[in-house]
Amino acid sequence: MQLRNLQIPTGAVFAPMAGLTDAACRHLMADHGAAWTVSEMASAKALNFGDRKSLELLKDEHPHGLYAIQLFGAEPESMAKAILFVREKGIRFDILDINMGCPAPKITSSGAGSKLLLDPPLCGQMAAAARKALGDDTPLTVKMRIGWDADNLTGVEVAKQLEAGGADLIAVHGRTREQMYIPPIDTAAIAAIKQAVSIPVLANGDVTSADGALTLLKETGCDGVMIGRGALGDPWLFAQVRAALLGEERPPEPTLNQRMAALRAQIYEMCEEKGEWAAMPQARSQAMHYMKGLRGAAALRRYCSMLEHFTDVDRLIDAVYKLQ
Numbered sequence: 001m002q003l004r005n006l007q008i009p010t011g012a013v014f015a016p017m018a019g020l021t022d023a024a025c026r027h028l029m030a031d032h033g034a035a036w037t038v039s040e041m042a043s044a045k046a047l048n049f050g051d052r053k054s055l056e057l058l059k060d061e062h063p064h065g066l067y068a069i070q071l072f073g074a075e076p077e078s079m080a081k082a083i084l085f086v087r088e089k090g091i092r093f094d095i096l097d098i099n100m101g102c103p104a105p106k107i108t109s110s111g112a113g114s115k116l117l118l119d120p121p122l123c124g125q126m127a128a129a130a131r132k133a134l135g136d137d138t139p140l141t142v143k144m145r146i147g148w149d150a151d152n153l154t155g156v157e158v159a160k161q162l163e164a165g166g167a168d169l170i171a172v173h174g175r176t177r178e179q180m181y182i183p184p185i186d187t188a189a190i191a192a193i194k195q196a197v198s199i200p201v202l203a204n205g206d207v208t209s210a211d212g213a214l215t216l217l218k219e220t221g222c223d224g225v226m227i228g229r230g231a232l233g234d235p236w237l238f239a240q241v242r243a244a245l246l247g248e249e250r251p252p253e254p255t256l257n258q259r260m261a262a263l264r265a266q267i268y269e270m271c272e273e274k275g276e277w278a279a280m281p282q283a284r285s286q287a288m289h290y291m292k293g294l295r296g297a298a299a300l301r302r303y304c305s306m307l308e309h310f311t312d313v314d315r316l317i318d319a320v321y322k323l324q
């Protein structure tokens with residue numbers, strides 16, 4: 001796949017997730033074969049006020065592989081201004097992504113995220129403003145849902161508006177905002193969006209295996225897949241999906257030693273990047289994902305919830321080995 005002047009490697013894309021996809025997490029996924037990774041979302045409005053915390057969310061001094069930053073907002077002019085501000089501050093990125101899928105009330109209450117899906121023309125205006133600010137060389141992508149609710153399945157019209165506005169690719173989560181993350185994704189709705197536009201479309205939702213990725217591609221006709229929660233604690237999923245897409249022999253499942261080494265390395269990088277005090281609360285949730293499928297997982301997750309210092313990670317790993 002090629003987006004503007006950017007050649008995209010074969011593989012699944014790692015989805016942005018607030019509070020989870022920090023630099024350490026992105027680097028891990030990229031190193032295991034993600035086609036590109038995306039920052040946590042940052043507010044265009046906050047950036048325009050010079051908010052340092054929002055700017056820090058986007059910084060990655062040493063990105064691994066292709067790196068996208070994601071912004072959210074509800075006003076085209078504000079989005080364009082934020083893009084120019086980010087560039088002025090020297091933030092390095094290969095792709096700019098606009099969030100039109102976040103279902104969180106604190107985002108939708110401001111008219112941003114999935115609330116934009118209620119106004120397809122505004123979505124197109126957001127894309128056009130971003131394209132103008134970016135210029136001709138940088139790819140513009142949009143993460144969206146199939147609609148707001150069952151009465152407002154606006155995904156097809158939104159996708160058409162985004163394409164007309166200059167978006168190069170859209171990633172579609174196969175649920176409405178009302179559905180959040182609970183029911184199975186609607187592959188037919190994703191397929192309808194894919195058929196409505198000529199730009200590449202990524203299917204997103206519920207992929208936890210290479211076979212699941214292939215099935216999703218078959219059912220939607222999409223150009224690729226985006227994986228989020230399914231890869232947490234399992235970065236090896238990207239290598240397996242890549243091999244499946246290329247028709248190659250898939251790598252073996254990771255050993256327990258490999259899983260624990262990845263867990264330790266990820267949290268170590270988090271502590272190096274943010275400092276232990278800031279990193280450990282987020283490290284607790286990251287660690288829990290590595291407990292999937294282990295004997296004594298419930299007890300181990302409780303242990304994860306009590307991590308306070310990096311040294312506690314080694315104690316957690318010792319507990320894992322004792323229970324297996």
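Position one of the sequence shown corresponds to residue 1 (the UniProt record's numbering), numbered consecutively onward.
Cβ atoms here follow ideal geometry from the backbone N, Cα and C, with glycine treated the same way.
Q: Look up Trp36 in the DSSP assignment and say whether it is helix, strand or coil.
A: strand
Q. How long is the line joining the alpha carbons of Gly275 and Ser43, rounded to whole angstroms?
A. 23 Å
**Q.** alpha helix (DSSP H) segment containing Leu307, residue limits
**A.** Unbroken run through Leu307: none, as it is neither H nor E.
(Q) Helix, strand or coil for Asn99? Go by DSSP, reduced to three states. (A) strand
Q. Do you know whose CA, among Val241, Met41 and Gln125, lies nearest Gly101's CA?
A. Met41
**Q.** Pairwise C-alpha distance: Phe310 and Cys123
**A.** 43 Å
(Q) Quick check on this structure: which residue in Arg131, Leu169 and Ala188 has the alpha carbon closest to the alpha carbon of Leu153? (A) Ala188
Q.
Please return the same chain residues whose Cβ sits closer than 6 Å to the Cβ of Gln70, not counting the five positions on each side in sequence.
A. Pro16, Val38, Ser39, Met41, Asp97 and Asn99
Q. So which of Ala12, Leu117, Leu169 and Trp236 has the shortest CA-CA distance to Thr176?
A. Leu117
Q: Count the other CB atoms, across all protein chains shown, that sit within 10 Å of the CB of Thr215; report buried if there are 16 or more and exposed otherwise.
A: exposed
**Q.** Euclidean distance between Cα positions of Tyr290 and Met226
**A.** 20 Å
Q: Find the nearest neighbour of Val172 within the set Ile182, Ile190, Pro183 and Glu178, judged by alpha-carbon distance.
A: Ile190
(Q) Tell me the residue span of the beta strand (DSSP E) that contains Lys143. (A) Leu140 to Gly147
Q | Closest by C-alpha distance to Arg92, when choosing among Ile193, Leu134 and Gly247 | A | Leu134
Q) How far does the beta strand (DSSP E) with Thr176 in it reach, from first residue to last? A) Leu169 to Thr176
Q: Closer than 7 Å by C-beta to Asp149: which residues in its own chain qualify, once you throw out the five before and the five after it? Chain order, please.
A: Thr176, Arg177 and Glu178
Q: Going by CA-CA distance only, name the one from Leu245, Ala112 and Leu55 that's closest to Val86.
A: Leu55
Q.
If you follow the beta strand (DSSP E) that Met226 is in, where does it begin and where does it stop?
A. Gly224 to Ile227
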